[in-house]
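Input: a single structure, listed below in structure tokens.
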């Protein structure tokens, strides 16, 4: 995996890891191709490399959305239903875009990566928004609430981080600094969940 200083390198394309979730986050899966198309229009030489995990039910629709947006599913663009080796995917990535479930947020902190989070909006207790705010409060993540999610908005957030790799590095470092405390909490939560399920 790359070291944190490599995140600040502007000599290669930005690497985006898109986590659509096992159920497939339709809003994220639909918006990413639009955002990449905007970035390509603005600068054809600054298009990020993308690994996009769609969830099984959303694979074909997401592939079609990329094709419709003018991308070939090759040359730095990988679209898969699942990612088997998440550790390697996180290590490869500069920026993670996805939902903010508890396990995802904990993983982002452990690996120390910048993120743009789109909390799932339909939980009564807004749990994913609270999870995302835990990272954003430390300047480790940007939150885009789903009603505000658009190709233009996402493209502008990605472009800003691509242009300022040092802010990307600062976000990654801030995320990693949160890890020990959060992971202990998450392990305790999982143990409680397992005990409750028996």
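Residue numbers (the working numbering): 13 to 210.
Just so you know, even glycine gets a beta-carbon here, dropped at the ideal spot from N, CA and C.
Bear in mind that the values here come from a model prediction, so they are computed numbers and not experimental data.
Per-residue DSSP class, three states only, for residue i
i           : result
residue 149 : coil
residue 154 : strand
residue 85  : coil
residue 30  : strand
residue 185 : helix
residue 108 : strand
residue 91  : strand
C-alpha gap between residue i and residue j, whole angstroms
i           : j           : result
residue 158 : residue 65  : 18 Å
residue 249 : residue 85  : Residue 249 lies beyond the range of the chain shown here (13 to 210); nothing can be said about it.
residue 160 : residue 50  : 17 Å
residue 57  : residue 169 : 17 Å
residue 163 : residue 135 : 24 Å
residue 59  : residue 94  : 23 Å
residue 47  : residue 53  : 10 Å
residue 74  : residue 188 : 31 Å
residue 26  : residue 138 : 31 Å
residue 23  : residue 133 : 37 Å
residue 146 : residue 174 : 23 Å
residue 148 : residue 179 : 13 Å
residue 72  : residue 61  : 20 Å
residue 142 : residue 55  : 35 Å
Close beta carbons around residue i, own chain, < 6 Å, minus the five adjacent residues each side
i           : result
residue 172 : none
residue 45  : 77, 78, 81
residue 123 : 102
residue 191 : 121, 122
residue 83  : 89
residue 29  : 63, 101, 105, 108
residue 150 : 186, 190
Endpoints, the beta strand (DSSP E) within which residue i is located
i           : result
residue 46  : Segment 38 to 54 is the alpha helix (DSSP H) holding residue 46; no beta strand (DSSP E) there.
residue 125 : First-last for residue 125: undefined, no H or E at that position.
residue 113 : Here residue 113 belongs to no beta strand (DSSP E), and DSSP marks it neither H nor E.
Contacts around residue i, its chain only, beta-carbon distance under 7 Å, and the 5 residues preceding and following it disregarded
i           : result
residue 70  : 32, 36, 38, 41
residue 140 : 111, 112, 113, 131, 132
Residue i: first and last residue of the uninterrupted alpha helix (DSSP H) it sits in
i           : result
residue 65  : Here residue 65 belongs to no alpha helix (DSSP H); instead the beta strand (DSSP E) covers 61 to 65.
residue 71  : 71 to 80
residue 165 : 163 to 175
Own chain, CB closer than 8 Å to residue i, minus 5 neighbours either side, in chain order
i           : result
residue 43  : 161, 162, 163, 166
residue 144 : 112, 117, 129, 131, 153, 155
Cβ contact (3+ pairs, closer than 8 Å) linking the segment 125 to 134 and the segment 94 to 101:
no
Are the segment 83 to 91 and the segment 100 to 117 touching by the rule of at least three beta carbon pairs closer than 8 Å?
no
Given 8 Å, three or more beta-carbon pairs between the segment 144 to 157 and the segment 174 to 184
yes
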